[in-house]
Amino acid sequence: MDWTDAILAVAALLLFFQVLAWKTGEGNKRLPPGPRGLPILGNLLMIGSKPHHDLQRLAHKYGPIMHLRFGLMPVIVVSSPEAAELFLKTHDLVFASRPPHEASKCICYNQQNLAFSPYGSYWRNMRKMCTLELLSNHKINSLGSMRKQELDLLVRHIREAAGAGGVAVDLSSMVTSFSTNISCRMIIGKKYNRDDFSEKGFAATLREGMKIGAAFNLADYIPQIKGLDLQRLSKRMKAIAKDFDDFCEKIIEEHVQSADENRVKDFVDVMLGFVGSEETHEYRVERDTIKAIILDMLAAAMDSSGATIDWTLTELIRHPRVTKKLQKELESAVGMKRMVEESDLEKLEYLDMVIKESFRLHPVVPLLPPHAAREDCTVNGFHIPKDARILINAYAIGRDQTVWTGADKFYPERFVGSDIDVRGHDFQLIPFGSGRRGCPGMQLALTIVRLVVAQLVHCFDWELPDNMLPTELDMTEDFGLVCPRAEHLLLIPTWRLKAF
């Protein structure tokens, strides 16, 4: 049998399973509205390189709770605050799990990472450990001096460029390096060294992994064709997995070898402490567990915070009025003779509005990681079948015209007198998700984003090079699990503080 015959045979078998599933009952129940799909592929061909845009467009026609079919899998797309509340609060426990995910299976040791592990005792224990040992308010506060050191270095490098006069800096790259340094120092106890990784570099490999993780992989939706690797993703995933595994092995070995040295213990040390201890049965910590969590924490801390800072600074460049107003607030609260301290942040109300508005327009995770229905459920009168994938379109919710006036405009003042927050209680704005699967690193991310944006706006005036107009900035997104700007932000800095 040649490849053509094999593919036809698989297609016939898949069609049989599809018809059988329809006959056995799902087709007789009231699913949410949605477009018709093709045999076998379903609606996959309707989704392009920017899935959050395509799903928003479809939701305008079919409604905020929409049914699609990707391959053999039912997919429910949620595109309004009211609908998100039903799935993430009212029926939170039913939708608290994650579906099988081929990229995470390959790269993160069979989905042992926090982001994609199924709901259950393992996930609960790992989340508890990560929250207590890295993401608690006490731990975040204890790392304040380290954040200050790295931010001072960033400011110093930019100030040196400003001293040269008229020299543009790649602010996107600088912010990425800052996020990488902070993340690595928190989690693995030292700054990332290029010699610690493959020649491609950690950040580039991480970004490729995030893209593959967000790709619409046919094997996730038609498991029967997994071995065919029709999209040629398997080889790329295995190469990324090997690079990450080598990196994590080196980190763990360094910690094992230096376990008795008199140094400050980091997150890897904490996890290694659970291996073989009496608490192992509770946390189930093994070597692969440690590596999966290292990758999860680094990816979440590095890419998401850096992308948010980049989007926010880009919008400030595009809206000089907002920048001047923010600088006035900083002058009043901080003065022009010193830099911003973390203790200043709680006084900066307009900064808080600017960050909220950036999260609303540019959620760095526009499609929240997919949820999975743990059992059949009825939501708003619609049947949601067990194992259905639930996609929460945070991008569509943040631009919902029925919720936000002038939804496509960057206007921080819309939050004046508003109680809407980003912490998952207000479903109009859920950049960190909500409920059981909400992002556990939210407080750390907010601290870093607010501090860096405040510092860079307070310490420097910024202008575009080559007489470029703010309206000419490229706002194209680079879609992945995290969605940064596709183009780097190049700006000319001018030091603005006095007697410092």
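Sequence positions in the sequence shown follow mature numbering (1 follows the signal peptide of the UniProt record, and there is no 0) and run -21 to -1, 1 to 479.
Ideal Cβ placement from N, Cα and C applies to all residues, glycine included.
Rounded separation between residue 346 and residue 411 - CA only: In a straight line, the C-alpha of residue 346 is about 11 Å away from that of residue 411.
Nearest to residue 328 (by Cα), restricted to the options 68, 317, 341 and 313: Closest option to residue 328, Cα to Cα, is 313.
According to DSSP, residues forming a beta bridge with residue 108: None, per the DSSP bridge assignment.
Of the residues 464, 469 and 459, the one placed nearest residue 446, counting alpha carbons only: Selected option, being the one with the closest Cα: 469.
Under the three-state DSSP convention, the category residue 254 falls into: Coil at residue 254, not helix or strand.
Residue 149 (DSSP reduced to helix, strand or coil): In the three-state DSSP reduction, residue 149 falls in the strand class (E or B).
Nearest-angstrom Cα separation, counted from residue 21 out to residue 4: For residue 4, the pLDDT reaches just 44, beneath the cut-off of 50, and the residue's location in the model is therefore unreliable, although a value from the coordinates is still provided. If you take the alpha carbons of residue 4 and residue 21, they lie about 18 Å apart.
Neighbourhood of residue 361 by C-beta distance below 7 Å, restricted to the same chain and skipping five residues each side: 9, 10, 11 and 44.
Beta-carbon proximity of residue 126 to residue 289, cut-off 8 Å: Here residue 126 is not near residue 289, since their CB atoms are 8 Å or more apart.
Continuous alpha helix (DSSP H) stretch holding residue 39: start and end: For residue 39, the uninterrupted alpha helix (DSSP H) run begins and ends at 30 to 41, by DSSP.
Endpoints, alpha helix (DSSP H) assigned at residue 225: Unbroken alpha helix (DSSP H) run through residue 225: 213 to 236.
Unbroken alpha helix (DSSP H) run spanning residue 297, endpoints: Where residue 297 is concerned, the enclosing alpha helix (DSSP H) stretches over 284 to 297.
Residue nearest to residue 108 in terms of C-alpha spacing, selected from 430, 428 and 420: For residue 108, the closest of 430, 428 and 420 by C-alpha to C-alpha distance is 420.
Alpha carbon of residue 376 to alpha carbon of residue 467, nearest angstrom: Taking the straight line joining both Cα atoms gives about 26 Å.
Contact check, residue 371 vs residue 134, beta carbons under 8 Å: Going by beta carbons, residue 371 and residue 134 fall outside the 8 Å limit.
Whether residue 458 touches residue 198 by CB criterion (8 Å): No, these two residues do not count as a Cβ contact at 8 Å.
Between the CA atoms of residue 310 and residue 112 - distance to the nearest angstrom: Put simply, the backbone Cα of residue 112 is about 36 Å away from that of residue 310.
Secondary structure of residue 441, DSSP reduced to three states: Residue 441 falls in the strand class under three-state DSSP.
C-alpha gap between residue -19 and residue 211, whole angstroms: For residue -19, the pLDDT reaches just 42, beneath the cut-off of 50, and the residue's location in the model is therefore unreliable, although a value from the coordinates is still provided. In this structure, the straight-line span from the alpha carbon of residue -19 to that of residue 211 is close to 16 Å.
Residue 194 - DSSP class collapsed to helix/strand/coil: Note: residue 194 maps to coil in three-state DSSP.
Terminal residues of the alpha helix (DSSP H) in which residue 276 lies: 266 to 278 is the span of the alpha helix (DSSP H), which, as asked, contains residue 276.
Local conformation of residue 17 per DSSP, three classes: In this structure, residue 17 counts as strand in the three-state DSSP scheme.
Residue(s) in a DSSP beta bridge with residue 57: Note: residue 57 sits in a beta bridge opposite 44 and 371.
Which residues DSSP lists as bridging residue 346, in chain order: DSSP links residue 346 through a beta bridge to 372.
Sufficient close CB pairs (3 or more, under 8 Å) joining the segment 30 to 39 to the segment 373 to 387: Touching, yes.
Start-to-end residues for the beta strand (DSSP E) that takes in residue 356: That run of the beta strand (DSSP E) goes 356 to 358.
Residue 368, buried or exposed, once every other Cβ within 10 Å from all chains shown has been counted against 16: Residue 368 comes out buried.
Backbone secondary structure at residue 474 - three-state DSSP: Strand at residue 474.
Residue 286 beta carbon less than 8 Å from that of residue 73: A distance of 8 Å or more separates the beta carbons of residue 73 and residue 286.
Segment limits, beta strand (DSSP E) that includes residue 338: Not the beta strand (DSSP E): residue 338 falls in the alpha helix (DSSP H), residues 328 to 340.
Segment limits, alpha helix (DSSP H) that includes residue 117: Its alpha helix (DSSP H) spans residues 116 to 121.
At least three beta-carbon pairs within less than 8 Å, the segment 273 to 284 to the segment 155 to 165: At 8 Å Cβ cutoff, the stretches touch.
Segment contact flag, the segment 377 to 397 with the segment 290 to 304, C-beta cutoff 8 Å, min 3 pairs: The answer is yes - the segment 290 to 304 touches the segment 377 to 397, with three or more Cβ pairs under 8 Å.
C-beta atoms of residue 426 and residue 119 nearer than 8 Å: In contact: residue 426 and residue 119 (Cβ atoms closer than 8 Å).
Assigned secondary structure, residue 461 (DSSP; H/G/I helix, E/B strand, else coil): If DSSP states are grouped into helix, strand and coil, residue 461 belongs with coil.
Cβ distance (whole Å) where residue 271 is taken to contact residue 418 below 8 Å: Rounded, the Cβ-Cβ distance is 17 Å, inconsistent with contact.
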